[in-house]
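Trainee:
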Amino acid sequence: MAIKQRPHASPSTALRPGLVAVALAAAAFCAPATAQESYKIGIVSFLSGQAAESFGIPAVNGAKVLIEAFNAGTAPAPYNKVGFGGLKIEPVYVDENGGATQQVQELRNLYDREKVDAVVGYVGSGDCLAVAPVAEEMKKFLILYDCGTPRIFEDGKYAYVFRTAAHATMDNVALALYLKQRNVKADTFNMINQDYAWGQDSKKDFVLAMAKLYPNAKPAEDLLPKFGAGQYGTEISALMAKPADVTHSSLWGGDLQAFILQSAPRGLFKRTQVVLSAADHVLPGLGDKMPDGAILGARGAYGLMAPKSALNDWWWAIYQKAYNVYPVQAPYRMAQSLLGLKLAVEKAMAANGGKKPTGEQLAAALTNLEWDSPAGRIRMANGGGHQAVQETAIGKTRYDAAKKMVVLDDIQRFPADCVNPPPNMKSEEWLKAGMPGAKC
Amino acid sequence: MSIAATILIDALSYASWLFIVALGLTLVFGVLKILNIAHGSFYALGAYAAASFVGWFATMKFAPGWSLVAMLLAAVVVAALVAPLTERGLLRFFYGRDEVLLVLVTYAMFLILEDATKLIWGANPYYVSEPYGLLGNVEIGTQVYVGYDFLLVAIALVVGVAVWWGLNRTRRGKIVLAVIHSEEVAASMGVDVSRVYMGAFTVGIFLAALGGAFTAPMISVQPGVSVGVIIVSFAVVIIGGLGSIPGAAIGALIVGLARSLAVHLAPVAELFSIYIVMALVLMVRPEGLFQQTQARKI
């Protein structure tokens, strides 16, 4: 057996143990300071697959420009402290594509391996339903920034999980109110929604809202194509075979684009009043292919329907400058989540002697918090202070040839307390009870 | 127009689109014995290439009608460039290996091609809807159909007849059939089997790309378009029998009809209507409708 003989120590090697000891001591001494220097956020959204183009990538793009501005300290007050309370923000981006099982594993990896301080993520309602209990079990801080299913906080109770955007009930109540306030004829209505949590919940909310506002309206076709179907010729035939006064859809992304591209030439938009609950994001791409007169929402007062404010002007400008397109709903929702997180971290740090807060401290700071976003005031008012409510807006499409873009006319904003259930009621109960307490 | 006629037209339209893609899948399996998971990626490549070609043709001030030629050309270019590259550069090294391994290899190809398309074309959608309106609308009763949908039916017919003719009525086709029947015997008779493989793979990929190219005007071409089509194409070839061309045609018609019936009569069953039919067929004929039961070689 060969034995490695230790060479004679030279003066420099003799010093080495001492230097190592000094270095280790310095590292140990500096460790808390290093940890204070950054705040690590896992940002999960679709970077590939069918939801990437419409939601995932625009949202991540929004996160990038906003985090850059935070770290540079160039955001307007009260968001003008560098990073989060002086801690530089270090984002870790993760692809949401791959299904709920994979997302559960990715979430665990973010907390256990990447050692992130917080996770902000998830577009898919199915993903949100899957990851929320995992974060809770791990006692780790999680913000759901986008998904729409009301079930998260209505069927569950969480200490560490928050959603900084309103759920889908708001979108469909606002659509029905918009129709009613304009006396749009709606004796019958057809529906086409994707066959998963988002589509099913959207459909249910619209039916219940219509039952209250149009008691005599009869639902007719109730189509549930699979997510990513792409081909809608058969569905369009079904909708045209039994034309209704109103056709409702919560389709989004590539599915919505394909549906519009295939149904507009067949004249569906001329036979029925199409109402779309989450459609603003397809407007920049579709341009003149988007039919005039469609009534649509953006799941908040986002993009072309955002209220005028200095914060919105700043946000719009930095996003448009970076990506040469105006921000639509997904980056807006990402922005409002990061703005809320920033204020919550800084509030928790202030209560923690300026030190980075624990998950519990952060959760306490975000519970029932309110803050201004480019889309208006966000209030963590529902779900025990874990579910946001916000105002929303609905408008009507018109292609403006001079501007070479789709504009929205006849925009109506609905206050948060008009279109969201009160804190003590589930969406379905509230809708079935005739929306008691709605302050419109 | 009666509901039955609407159901039939919708079924035929959907089946035609599906048949073009599934025919390529079944051809590749029939000759190379590869269950090509990446078939949908070639469909996506065809769609992206069509978007680019139609855009270039428009830039060069070609008349709108030329966009149909542009889409055809896009499918040819994808097949001519990518198919030999993947078959010669990757797949041939795995011939004769376990079929499961080949499935995994094509799955890896699928992942690589997904990212490759994103690297080339980015994540933003491409719209090439102009060709969709070229043929105007056709009014049948209360329904309005886009003429382009009937073009797809015609393309499916032409493609089906051409492939059948090519295989059954030409010398090269007979050679391909000989390879399908027995690769060893064909090789011993002097057939260049690897050339047949490359040719069949190229035709299969051309059909996938053709399906993608002619679908591009109906959708926004963006990441993820490859996924949906491959799942339903597999259902078609499993129903019809892997490797069977008439099987692909009948399988596509069955799937189209099942889906159309579900959408019009029982929308809640749309999601699983195709798979119920597939399960029923497999219960009765596990090898598919048009596949002969084969003795296992030991």
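Residue numbers (my numbering), protein chains in the order written: chain B, 2 to 441; chain P, 172 to 469. Note that CB positions come from ideal geometry on N, CA and C, so glycine has one too.
1) Cβ closer than 7 angstroms: which chain D residues qualify as neighbours of Q232 (chain B)?
2) Leaving out the 5 sequence neighbours to the left and right, which residues in its chain are closer than 8 angstroms to V105 (chain B) when beta-carbon positions are compared?
3) Taking K205 (chain B) as the reference, which of B:G438, B:A439, B:W431, B:C441 has the closest Cα?
4) Tell me which residues of the segment 217 to 248 of chain P have at least one Cβ-Cβ distance to chain B shorter than 8 angstroms, keeping chain order.
5) Check the Cβ-Cβ distances between G304 (chain P) and every residue of chain B, and say whether any is below 8 angstroms.
6) Could you check the C-alpha separation between S250 (chain B) and M192 (chain B) for me, to the nearest Å?
7) Output the distance between the C-alpha atoms of V208 (chain B) and D181 (chain P), rounded to the nearest integer angstrom.
8) Could you check whether the Cβ of S13 (chain B) sits closer than 8 angstroms to any Cβ belonging to chain P?
9) For E347 (chain B), which residues in the same chain have their Cβ closer than 6 angstroms to its Cβ, ignoring the five residues on either side in sequence?
10) Can you give me the C-alpha to C-alpha distance between V329 (chain P) and E270 (chain P), rounded to a whole angstrom?
11) Can the beta-carbon of T197 (chain P) be found closer than 8 angstroms to that of I376 (chain P)?
12) Reducing DSSP to helix, strand and coil, say where H9 (chain B) ends up.
13) Helix or strand or just coil, what does DSSP make of F47 (chain B)?
14) Mind the definition here: the segment 144 to 163 of chain B touches the segment 174 to 191 of chain B only if three or more C-beta pairs lie below 8 angstroms; say whether that holds.
15) Taking beta-carbon pairs under 9 angstroms, can you tell me which members of the segment 50 to 72 of chain B lie near chain P?
16) For the alpha helix (DSSP H) holding T257 (chain P), just list the boundary residues, first then last.
17) Decide if T313 (chain P) is buried, meaning its Cβ has at least 16 other Cβ atoms within 10 Å, or exposed.
18) Could you run through the segment 402 to 429 of chain B and flag, in chain order, every residue whose CB is less than 8 angstroms away from some CB of chain P?
19) How would you call H9 (chain B), buried or exposed, if buried means at least 16 neighbouring beta carbons within 10 angstroms?
20) Chain B partners of S300 (chain P), CB-CB under 7 angstroms?
21) Quick one: what does DSSP say Q462 (chain P) is sitting in, helix, strand or coil?
22) DSSP has E222 (chain B) in a bridge; who is on the other side?
23) Just checking: is the beta-carbon of L224 (chain B) within a distance shorter than 8 angstroms of some beta-carbon in chain P?
24) Please state if the CB of F56 (chain B) and the CB of G301 (chain B) are separated by a distance shorter than 8 angstroms.
25) Please list the segments of the alpha helix (DSSP H) lying wholly inside the segment 232 to 271 of chain B, counting only runs of 4 or more residues, in order along the chain.
26) Return the residues of the segment 240 to 271 of chain B that lie within a Cβ-Cβ distance of less than 7 angstroms from chain P, sorted by chain order.
27) Using a Cβ-Cβ cut-off of 6 angstroms (strictly less than) and excluding sequence neighbours within five positions of A166 (chain B), which residues of its own chain qualify?
28) Given a limit of 7 angstroms on CB to CB distance, which residues of the segment 435 to 468 of chain P reach chain B?
29) Let me check one thing: in DSSP terms, what residues is S39 (chain B) bridge-paired to?
30) Determine the burial state of S391 (chain P): buried for a count of at least 16 other Cβ atoms within 10 Å of its Cβ, exposed for fewer.
31) Could you tell me if M242 (chain P) is buried or exposed, where buried requires 16 or more neighbouring beta carbons within 10 angstroms of its beta carbon?
32) Check distances from the C-beta atoms of the segment 369 to 392 of chain P to those of chain B and list, in chain order, the residues that come in under 7 angstroms.
33) Please indicate yes or no: does the CB of T177 (chain P) lie closer than 7 angstroms to some heavy atom of the ligand GTP?
34) Residue ranges of each beta strand (DSSP E) run of no fewer than 3 residues wholly in the segment 398 to 429 of chain B, ordered along the chain?
35) Taking only three categories from DSSP, how would you classify E371 (chain B)?
36) By Cβ distance, which residues of its chain are closer than 6 angstroms to A379 (chain P), with the 5 residues on each side in sequence left out?
Mentor: Considering the structure as presented:
1) Of the chains in the structure shown, none is chain D; the protein chains are B and P.
2) A131, V132, V135
3) B:W431
4) none
5) yes
6) 6 angstroms
7) 28 angstroms
8) Here the model assigns S13 (chain B) a pLDDT of 43, short of 50, so the residue's position is not dependable, and the following value carries that caveat. No, no contact with chain P.
9) G86
10) 32 angstroms
11) no
12) Only weak support is given to the placement of H9 (chain B): the predicted model assigns it a pLDDT of 41, under 50, and the question is left unresolved by the model.
13) coil
14) no
15) G50, Q51, A52, A53, E54, S55, G57, I58
16) 237 to 260
17) exposed
18) none
19) With a pLDDT of only 41 at H9 (chain B), under the threshold of 50, the placement of this residue in the model should not be trusted, and no figure is reported.
20) L262, K290
21) coil
22) E222 (chain B) is not bridged to any residue.
23) yes
24) no
25) 234 to 242, 254 to 264
26) M241, A242, G255, Q258, A259, L262, Q263, P266, R267, G268
27) R334, A389
28) H435, P438, V439, E441, L442
29) B:K89
30) buried
31) buried
32) M389, I390, S391
33) Looking at this structure, you won't find the ligand GTP or any other ligand, since it has none at all.
34) 406 to 415
35) strand
36) V192, G195, H210, F213, Y214
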